[in-house]
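Visitor:
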Amino acid sequence: MHGRPAGHDVVAAVEVHHPTPLARMPHAAPLVPVQPGTIPAVTSIVLPDGRVVTGYATEPAKPEPVATKPAVSRAAVNIALGGIGFGAVCGGLVLLTAFIAAFAALIHQLIILAAVIFGGWIAVQVFSASGHRGGTTVNIRKAIFKRNHFHG
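Whatever position you read off the sequence shown (first residue = 1), add 4 for the numbering used here.
(1) Quick one: which unbroken beta strand (DSSP E) runs of 3-plus residues sit fully inside the segment 65-130? Chain order, please.
(2) Can you grab the Cα-Cα spacing for the pair S132 / I121, in whole Å?
(3) Would DSSP call G54 helix, strand or coil?
(4) Which residues share a DSSP beta bridge with T3?
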């Protein structure tokens, strides 16, 4: 062996280090809003291991009051109000349809009246004898028709 006598082994001293766990800190208290002009009292607490913790005293959190349920659910009230509103609208829709039907009947009657008046005016113009406008007048009372020929 290179430079060492035989039978002599070198033993090195080994040190083992074990980590020391840190003490857990108590959970921090929530911040409490302070009224302006008032100074809260400072409180000190001695923990079982001898440490002293100093801080402001806080009031314990009060649970929120439980809201009482109404005798009738909100959904039932909403359904009932929707039914009342629908009933009110249906009455208006009945009136609206009656108005539309009456308006359609009025338009129908006006169209018939215009046709009668215009048709009468045209009939008077066609069959009136007062205005002779010229042309050939043929008296066919004494005429003889033979074999589709006119002999006058």
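Built from N, CA and C at the ideal position, the CB exists for glycine as well.
Because the structure is a prediction, the values reported are computed rather than measured.
Guide: A quick look at the data gives this:
(1) none
(2) 16 Å
(3) coil
(4) Past the boundaries of the shown model lies residue 3; the chain is included only from 5 to 156, so the question cannot be answered.
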